[in-house]
Amino acid sequence: MTGMADRAGWTPFEQAVGRVLDDLEPGDVVTYGEVAAEAGFPGAARAVGSMLGRRTDAELPWWRVVAANGRLLAGHEARQAELLHQDGIPVSDGRIGLGGSEGR
DNA sequence: CCCCTGACTAGAA
DNA sequence: TTTCTAGCCAGGG
262 MTGMADRAGW TPFEQAVGRV LDDLEPGDVV TYGEVAAEAG FPGAARAVGS MLGRRTDAEL
322 PWWRVVAANG RLLAGHEARQ AELLHQDGIP VSDGRIGLGG SEGR
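Here the working numbering is used: the first residue of the first sequence is 262, the next is one more, and so on.
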């Protein structure tokens, strides 16, 4: 295998988003708006989230995607926090980054 | 074809 | 600080 997922049947939007997520590297985090803009669909942040929620079974690094306010995914906060932590990204109180010692 | 929902964002109150 | 509104794209009924 060439290391690629079965993107057959994916819409241009999904393929574009999947490519952006796949282009990310360990330790990197982006927001829905960033992914949408990089994919060529600025403002389609909702479509990105909606798609990821529907393609959760895919090998897309959904955990590297967070909300614009730095908030993690509702219903997957602990899950994403753990995955982000494995990528070397500090998470505190359901939020990313900030150094970890700013004390709320 | 029409209407609503959704792992969203930015701005205003 | 929180809450609400308008805008954006895709999918399902």
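Glycine included, every Cβ here is placed at the ideal spot set by N, Cα and C. If you're wondering where the values come from, they're calculated on a predicted model, not measured in any experiment.
Might you give, ordered along the chain, the residues of its own chain that have their beta carbon closer than 6 angstroms to the beta carbon of residue i, omitting 5 neighbours on each side?
i	result
residue 306	293, 294 and 297
residue 275	312
residue 354	none
residue 317	none
Assign residue i to buried or exposed, taking buried as 16 or more other Cβ atoms, counted over all protein chains shown, within 10 Å of its Cβ.
i	result
residue 279	buried
residue 300	buried
residue 339	exposed
Answer yes or no: do residue i and residue j have a C-beta to C-beta separation smaller than 9 angstroms?
i	j	result
residue 331	residue 356	yes
residue 304	residue 326	no
residue 282	residue 321	yes
residue 328	residue 302	no
residue 333	residue 319	no
Sorted by chain position, which residues of the same chain lie with C-beta nearer than 7 angstroms to residue i's C-beta, five sequence neighbours on each side aside?
i	result
residue 346	352
residue 285	291, 322 and 325
residue 263	none
residue 271	279
Quick check on residue i: does DSSP put it in helix, strand or coil?
i	result
residue 352	strand
residue 307	helix
residue 281	helix
residue 290	coil
Going along the chain, which residues of its own chain have a beta-carbon closer than 8 angstroms to the beta-carbon of residue i, five neighbours each way excluded?
i	result
residue 349	287 and 288
residue 268	275, 276 and 279
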